[in-house]
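Peer 1: I'd like to ask you about the structure that follows.
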Amino acid sequence: MQAVSGGSRSPDSGGVMSTDLVRVYLNTIGKTPLLTAEQEVDLSKRIEAGLYAERLLIETPRLSATRRRDYQTLAEDGRAAKKAMLEANLRLVVSLAKRYTGHGMSFLDLIQEGNLGLIRAVEKFDYAKGFKFSTYATWWIRQAITRAMADSGRTIRLPVHLAEQVNKVVRTRRRIQQTLEREPTHEEIGVELDITPERVAELLDHSRDLVSLDQAVGSDEQSRFGDFIEDADAPVAEDAVAFQMMRQDL
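The numbering of the sequence shown is the numbering used here, which starts it at 11 and goes up by one.
In structure tokens form, the structure reads like this:
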């Protein structure tokens, strides 16, 4: 997936550099054609099978050489399908991010946060339910953006140097959480940022302000934070991996 910019925040979302970065990014992602419904389903099946194969490779140490090779092939194909699905939907992130500009975060940062939501949507999408991927992904993208806006709002009154550290810890925690699918420990966050677990806990304490579930978000104020609570239901992958392996045998 194309990166929007470097890891640091843009100092001026209206500046020449930010404008140029956005223009280059939009030109790049605009070259990728949109997917048909059939292509979405095919990619989703491959992604689901690949994720399950990766899990089996980790959790089943005593696999036969043939079975391990089959799972590795599925995992690689799943990663390729995931990349294709992400790149074909980056314009959706940009479209949604535009609605949240002017609320304390730069356009580039909104896009980056939305891309994290898109990644999560690609991994969780259940093609069997018959929904369009864009409908499902919109929920995850908006959730990622609004959560980031909430985190940014909590640190706005802190000294600049401390606010930057808090934002860094919060974003790292969110990224690790998406990867591990659980809340990371202070030790895991500390290793990632090269700081002590105690310092991680201290910085996270600064981001503990509660956000009302009824708080309005977005420029139209039609959505509420409570609309974006994560659905814990995950698609079942066993059937997908079996289907993919059976198709390879034909």
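For every residue, glycine included, the Cβ atom is placed at its ideal position computed from N, Cα and C.
#1: Report yes or no: do three or more beta-carbon pairs, one from the region 92-100 and one from the region 41-53, lie closer than 8 Å?
#2: If distances are taken between C-alpha atoms only, which option among 54, 35, 30, 40 comes closest to residue 139?
#3: Within 10 angstroms of its Cβ, does residue 34 collect 16 or more other Cβ (buried), or is it exposed?
#4: Taking the beta carbon of residue 71 as the centre, do at least 16 other beta carbons fall within 10 Å, making it buried, or is it exposed?
#5: In three-state DSSP terms, what is residue 143?
#6: Within its chain, find whatever has a CB closer than 8 Å to the CB of residue 67; leave out the 5 residues flanking it on each side and keep chain order.
#7: Hey, out of 216, 40, 130, 89, whose CA is closest to residue 174's CA?
#8: Whose C-alpha, out of 212, 135, 201, is nearest the C-alpha of residue 59?
#9: Return yes when the Cβ of residue 147 is within less than 8 Å of the Cβ of residue 99, no when it is not.
#10: Could you tell me if residue 114 is buried or exposed, where buried requires 16 or more neighbouring beta carbons within 10 angstroms of its beta carbon?
#11: Considering residue 110, what are the terminal residues of the alpha helix (DSSP H) in which it resides?
#12: How long is the line joining the alpha carbons of residue 65 and residue 88, rounded to whole angstroms?
#13: Taking only the alpha-carbon atoms, compute the straight-line gap between residue 152 and residue 69 and give it to the nearest angstrom.
#14: Between the alpha carbons of residue 62 and residue 208, how many angstroms are there, rounded?
#15: Count the other CB atoms, across all protein chains shown, that sit within 10 Å of the CB of residue 37; report buried if there are 16 or more and exposed otherwise.
#16: I need the boundaries of the alpha helix (DSSP H) containing residue 209, first residue and last residue.
#17: Determine the DSSP secondary structure at residue 117, reduced to helix, strand or coil.
#18: In whole angstroms, what is the alpha-carbon distance linking residue 52 and residue 142?
#19: Along the chain, which unbroken stretches of the alpha helix (DSSP H) at least 4 residues long are found entirely within the region 47-122?
#20: In terms of residues, what are the limits of the alpha helix (DSSP H) holding residue 198?
#21: In the structure shown, what three-state DSSP assignment does residue 42 receive?
#22: Pick out whichever of 144, 196, 213 has its Cα sitting closest to the Cα of residue 172.
Peer 2: Per the coordinate set shown:
#1: Counting C-beta pairs closer than 8 Å gives three or more between the region 92-100 and the region 41-53, which meets the contact rule.
#2: The shortest C-alpha separation from residue 139 is found at 54.
#3: Label assigned to residue 34: exposed.
#4: Exposed.
#5: Assigned with DSSP and collapsed to three states, residue 143 falls in helix.
#6: 73, 78, 81, 82, 85, listed in sequence order.
#7: Among 216, 40, 130, 89, the Cα nearest to that of residue 174 belongs to 216.
#8: Looking at the Cα atoms, 135 is the closest of the given residues.
#9: Their beta carbons are under 8 Å apart, which means residue 99 touches residue 147 by this criterion.
#10: Counting Cβ neighbours within 10 Å, residue 114 comes out exposed, since fewer than 16 surround it.
#11: Where residue 110 is concerned, there is no enclosing alpha helix (DSSP H), given that its DSSP letter is neither H nor E.
#12: Roughly 12 Å between the two C-alpha positions.
#13: Here the alpha carbons of residue 69 and residue 152 stand approximately 33 Å from one another.
#14: Spanning the two alpha carbons is a distance of roughly 35 Å.
#15: Its Cβ having fewer than 16 others within 10 Å, residue 37 is exposed.
#16: Per DSSP, the continuous alpha helix (DSSP H) segment holding residue 209 begins and ends at 207-215.
#17: Helix.
#18: Rounded to the nearest angstrom, the two C-alpha atoms are 13 Å apart.
#19: Note on the region 47-122: whole alpha helix (DSSP H) runs with a minimum of 4 residues are 47-69, 75-98, 100-107, in chain order.
#20: Where residue 198 is concerned, the enclosing alpha helix (DSSP H) stretches over 196-203.
#21: The DSSP-derived three-state label of residue 42 is coil.
#22: With distances taken between Cα atoms, residue 172 lies closest to 213.
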